[in-house]
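Q:
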Amino acid sequence: MKLKSLLIGSAAVMAAATGARAADAIVVPEPEPMEYVRVCDVYGAGFFYIPGTETCLQISGYVFYQVGATSDDGVNDSPNYHGFDPDEYDKFLRARINFDARSETEWGTLRSYIRVQSNSTNVIPNQDPGVNIDQAWLSLGGFRTGYSESAWTSTPNGGDSGWGSHSWGGLEYGNDQRTFIQYNFTGGNGLFATLSLESDDYDIDPNYVPDVVGKIGVTQGWGTLWLTGAYDENTSEITFTDDDAFAVSAGAHINMGAAGANSLRVLGFYASDPNSYWEASQWSVMASYYHQFTPEFGASVGGQYLADLYYGGDDFSDDNAWLAELNLVWTPVTNFEVRSEIVYTKVEDLDGSVSGFLRFTRYF
22 MKLKSLLIGS AAVMAAATGA RAADAIVVPE PEPMEYVRVC DVYGAGFFYI PGTETCLQIS
82 GYVFYQVGAT SDDGVNDSPN YHGFDPDEYD KFLRARINFD ARSETEWGTL RSYIRVQSNS
142 TNVIPNQDPG VNIDQAWLSL GGFRTGYSES AWTSTPNGGD SGWGSHSWGG LEYGNDQRTF
202 IQYNFTGGNG LFATLSLESD DYDIDPNYVP DVVGKIGVTQ GWGTLWLTGA YDENTSEITF
262 TDDDAFAVSA GAHINMGAAG ANSLRVLGFY ASDPNSYWEA SQWSVMASYY HQFTPEFGAS
322 VGGQYLADLY YGGDDFSDDN AWLAELNLVW TPVTNFEVRS EIVYTKVEDL DGSVSGFLRF
382 TRYF
């Protein structure tokens, strides 16, 4: 009888303990469905939807390392095009990341763009390079504002109307970045136009009057034609005189071969006086040709003549100069590029100089 009572009591205790544990059990919620990143193919390759939004984002960039050299002795030779130190190899490293966000609205495409980069050179050895926002701008439809290339250099609606020759350096074409407010018009049959109000280049003599750049052109399957005019309301950042000046450039990019793989570029430049858009010379003509020999290898040759060079002061000189370049590009695998650029420079009354570099780039 005692044994039977003991067994019954033990069972009751165990049942009570089990009930207590059940009362304290943690209820695990059902997992939320996983939301995968969706591909956005509206704007081309590489875009994806930011989760929870209808905004498409692309992250891209590159890393390159190059080694350059020059024959310029720094005394009797023409200044080398790349600005390399004549006493050593020039070593240069750059890392760049681009963030491009876009979405559609009833007013057109809403877009923002940020470019972050860091450069490392051999000018200050053993110093960590800084990181800076190199460009940042936003646009809605044709309206665009921020900090990026001047409309003199490039516009988003201009097809192949931007930059200079086919090479990375592009020879002399007046590359410049500005803060701006601009409107870019894109019409039928490839017609495009841009009006840009831009800040002074250096703000040495600041005021409320902006510089103005206008561009008009047409781009179609055969190529692009364009005309650009710029007004610098205060040239003090160049000539240290409180004067105004204007500059004009015109160009043609002609596609050749299958799918435009080869192309010819011809450009001309003129300035009334030295200014922040064009100061190299009073006038200049440039031509370059690019040929894609194989899917992996292409090359370009180019030349430029500059008349009445600007050395400083408030006017052009009577000296002339010319440049010739060779550009080689090899892409052995996708997103990896080996590039070499060589430029010969000859300024009147000085000996010629040669400069060039070998560069390795990984794009993503």
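Each position in the sequence shown, counted from 1, maps to that position plus 21 in the numbering used here.
Even for Gly, the Cβ is constructed at its ideal location relative to N, Cα and C.
Source: prediction; values computed, not measured.
(1) Taking its Cβ as the centre, do 16 or more other Cβ atoms sit within 10 Å of T3, making it buried, or is it exposed?
(2) Please report how far the alpha carbon of N356 lies from the alpha carbon of I47, in whole angstroms.
(3) Whose C-beta lies closer than 6 angstroms to the C-beta of E300 among residues of the same chain, with five residues either side of it excluded?
(4) Around the C-beta of Y134, are 16 or more other C-beta atoms found within 10 angstroms, so that it is buried, or is it exposed?
(5) For E369, I'd like the list of residues in its chain whose CB is within less than 6 angstroms of its CB, leaving aside the five on either flank, ordered along the chain.
(6) DSSP puts T91 in a beta bridge; with which residues?
(7) Classify G183 as helix, strand or coil using the three-state DSSP reduction.
(8) With DSSP as the reference, label N356 as helix, strand or coil.
(9) Please list the terminal residues of the continuous beta strand (DSSP E) segment that includes S171.
(10) Please check the pair S270 and T249, which I expect to be a contact at CB under 8 angstroms, by giving their CB distance rounded to whole angstroms.
(11) Which class does T260 belong to by DSSP, given the choice of helix, strand or coil?
(12) My parser needs the alpha helix (DSSP H) runs of 4 or more residues fully inside the segment 230-297; what are they?
(13) So what's N210 in DSSP terms, helix, strand or just coil?
(14) Going by the CB atoms, is the gap between P150 and T366 shorter than 8 angstroms?
(15) CA-CA distance, L344 and R286?
(16) Skipping 5 residues on each side, what residues in its chain have a beta carbon closer than 8 angstroms to that of G183?
(17) Classify F164 as buried or exposed, calling it buried when 16 or more other Cβ atoms lie within 10 Å of its own Cβ.
(18) Which same chain residues end up closer than 6 angstroms to N196 when comparing Cβ atoms and leaving out the 5 residues on each side of it in sequence?
(19) Name the two residues that bound the continuous beta strand (DSSP E) containing Y331.
(20) What is the DSSP secondary structure of E369, counted as helix, strand or coil?
(21) What is the DSSP secondary structure of A116, counted as helix, strand or coil?
(22) Helix, strand or coil for E75, going by three-state DSSP, please let me know.
(23) Along the beta strand (DSSP E) that carries L161, what are the first and last residues, could you check?
(24) How many angstroms separate the CA atom of A279 from the CA atom of G272?
(25) Where does N348 sit, in a helix, a strand or coil, going by DSSP?
(26) Between S81 and the rest of its own chain, which residues show a CB-CB distance below 8 angstroms, the 5 nearest in sequence each way excluded?
(27) Consider the Cβ of V364: report whether some Cβ of chain C lies at a distance smaller than 8 angstroms.
(28) Give me the Cα-Cα distance between N255 and I71, rounded to the nearest whole angstrom.
(29) Tell me which same chain residues have a C-beta within less than 7 angstroms of the C-beta of V60, skipping the five on either side of it?
(30) Could you tell me the alpha carbon to alpha carbon distance between G209 and W247, rounded to whole angstroms?
(31) To the nearest angstrom, how far is the alpha carbon of A44 from that of Y57?
(32) Go ahead and pull the three-state DSSP assignment for T215.
A: Once the coordinates are examined:
(1) It is not possible to answer for residue 3, since the shown part of the chain is limited to 22 through 385.
(2) As a working note, residue 356 is residue 335 in the sequence shown. As a working note, residue 47 is residue 26 in the sequence shown. Straight-line Cα distance between these residues: approximately 52 angstroms.
(3) Stepping through the sequence shown from its first residue, residue 300 is reached at position 279. Answer for E300: I259, Y331, listed in chain order.
(4) In the sequence shown, counting from the first residue as 1, residue 134 sits at position 113. Y134 should be labelled buried.
(5) Along the sequence shown, one-based indexing puts residue 369 at 348. The residues are D340, N341.
(6) As a working note, residue 91 is residue 70 in the sequence shown. In the DSSP output, where bridge partners are listed per residue, T91 has S376.
(7) Along the sequence shown, read from residue 1 onward, the residue named residue 183 stands at position 162. The answer is coil: DSSP assigns G183 none of H, G, I, E or B.
(8) For the purposes of this step, residue 356 is taken as the residue at position 335 of the sequence shown. Here N356 sits in coil by DSSP.
(9) For the purposes of this step, residue 171 is identified with residue 150 of the sequence shown, where counting begins at 1. Taken as a continuous stretch (DSSP letters only), S171 belongs to no beta strand (DSSP E), as it is neither H nor E.
(10) As a working mapping, residue 270 is identified with position 249 in the sequence shown. As a working mapping, residue 249 is identified with position 228 in the sequence shown. Contact holds; Cβ gap of about 5 angstroms.
(11) The residue you call residue 260 lines up with position 239 of the sequence shown. Residue state, collapsed to three classes: helix.
(12) 257-260
(13) Indexing the sequence shown from 1 puts residue 210 at position 189. Helix.
(14) As a working note, residue 366 is residue 345 in the sequence shown. As a working note, residue 150 is residue 129 in the sequence shown. Not closer than 8 angstroms, so no.
(15) Counting from 1 along the sequence shown, the entry for residue 344 is found at position 323. Counting from 1 along the sequence shown, the entry for residue 286 is found at position 265. C-alpha separation (whole angstroms): 15 angstroms.
(16) Within the sequence shown, the letter at position 162 stands for residue 183. So the list reads E170, T174, S175, T176, once near-sequence residues are dropped.
(17) Counted from its first residue, the sequence shown places residue 164 at position 143. F164 comes out exposed.
(18) Looking up residue 196 in the sequence shown gives position 175. Correct list, in chain order: T174.
(19) As a first step, residue 331 must be located in the sequence shown, where it is residue number 310. Careful: Y331 lies outside any beta strand (DSSP E) and carries neither H nor E.
(20) Counted from its first residue, the sequence shown places residue 369 at position 348. E369 falls in the coil class under three-state DSSP.
(21) On the sequence shown, residue 116 is found 95 positions in, with the first residue counted as 1. Three-state result, A116: strand.
(22) Along the sequence shown, read from residue 1 onward, the residue named residue 75 stands at position 54. Here E75 sits in coil by DSSP.
(23) Taking the first residue of the sequence shown as 1, we reach residue 161 at position 140. Element bounds for L161: 153-161.
(24) Stepping through the sequence shown from its first residue, residue 279 is reached at position 258. Stepping through the sequence shown from its first residue, residue 272 is reached at position 251. Near 22 angstroms, if we compare the C-alpha coordinates of G272 and A279.
(25) Position 327 of the sequence shown, counting from 1, holds the residue named residue 348. Note: N348 maps to strand in three-state DSSP.
(26) Here the question's residue 81 lines up with position 60 in the sequence shown. Excluding positions up to five away in sequence, the list reads G67, I118, N119, D121, Y384, F385.
(27) Checking the listed chains, one finds no chain C in this structure; it contains a single protein chain.
(28) Against the sequence shown, residue 255 aligns to sequence position 234. Against the sequence shown, residue 71 aligns to sequence position 50. The straight-line gap from Cα to Cα measures roughly 44 angstroms.
(29) As a working mapping, residue 60 is identified with position 39 in the sequence shown. Counting only Cβ-Cβ distances below 7 angstroms, and skipping sequence neighbours, we find F69.
(30) Residue mapping note: residue 209 aligns to position 188 of the sequence shown, counting from 1. Residue mapping note: residue 247 aligns to position 226 of the sequence shown, counting from 1. Between G209 and W247, the C-alpha separation is close to 16 angstroms.
(31) Position 23 of the sequence shown, counted from the first residue, corresponds to residue 44. Position 36 of the sequence shown, counted from the first residue, corresponds to residue 57. Annotation note: pLDDT 48 at A44 (below 50); position unreliable, coordinate value reported separately. Computed Cα separation, rounded: 37 angstroms.
(32) As a working mapping, residue 215 is identified with position 194 in the sequence shown. T215: strand per DSSP, three-state reduction.
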